[in-house]
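S.K.: So that we are looking at the same thing, I have put the structure below in structure tokens.
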Amino acid sequence: MQTGIQALDYAYRYLFIAVLIALAIMVILCLIYAIKGPRIADRIVATNMMGTIVMVIIAILAVMLNEGYLVDICIIYAMISFLAVIVLTKVYMGVYREKNEKENKGEEKLS
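When we follow the numbering used here, the leftmost residue of the sequence shown carries the number 73, and every step to the right adds one.
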């Protein structure tokens, strides 16, 4: 981030810091929503959202610190986050199906 104009460098630095603080607050709010969410689906979406926000934070740090390896870490984190959401969804669907099967068997016994 060497533009040659010192004031512009400071402006970008303060902008990046402000955006990082806002994103950190959003991650905390998503964590609270993931814990208190009314449904499991809401919790999965909040978890996915936290992963996306963390990827944006890593990308901003890559630009701010001028470190190329952080982009590689961001890509790896994106793959891991995607797989984690897929696994959570599969587990949720399995539990949901099992619950429905138990309810259906209970209704069959009553009739």
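In this text, a Cβ means the ideal position worked out from N, Cα and C, and glycines have one as well.
Starting from the Cα of Ala118, find the closest Cα among Pro110, Ile130, Leu103 and give me that residue.
M.R.: Of the candidates Pro110, Ile130, Leu103, the one whose C-alpha sits nearest the C-alpha of Ala118 is Leu103.
S.K.: Could you check which residue in Ile100, Thr161, Ile132, Ile112 has the C-alpha nearest to that of Tyr84?
M.R.: The option with the nearest alpha carbon to Tyr84 is Ile132.
S.K.: Under DSSP, the alpha helix (DSSP H) around Asn120 begins and ends at which residues?
M.R.: Looking at the DSSP string, the run of the alpha helix (DSSP H) that includes Asn120 is 112-137.
S.K.: Using the C-alpha atoms, what's the distance from Lys177 back to Leu142?
M.R.: Spanning the two alpha carbons is a distance of roughly 52 Å.
S.K.: Going by DSSP in three states, Ile107 sits in which element: helix, strand or coil?
M.R.: The answer is helix: DSSP assigns Ile107 an H, G or I state.
S.K.: Please classify Leu151: is it buried, with 16 or more other beta-carbons within 10 angstroms of its beta-carbon, or exposed?
M.R.: Inspection of the sequence shows that residue 151 is occupied by Met rather than by Leu. Met151 comes out exposed.
S.K.: Quick one: using the 10 Å Cβ neighbour count with 16 as the cut-off for buried, is Met165 buried or exposed?
M.R.: The residue is exposed, with fewer than 16 neighbouring Cβ atoms inside 10 Å.
S.K.: Quick one: residues in its chain with C-beta nearer than 6 Å to the C-beta of Asn120, no 5 flanking neighbours on either side, listed in chain order?
M.R.: Contacts found: Val157.
S.K.: Write down the C-beta distance between Val126 and Tyr149 rounded to the nearest angstrom, noting that I regard them as a contact closer than 8 Å.
M.R.: Right, their Cβ atoms sit about 7 Å apart.
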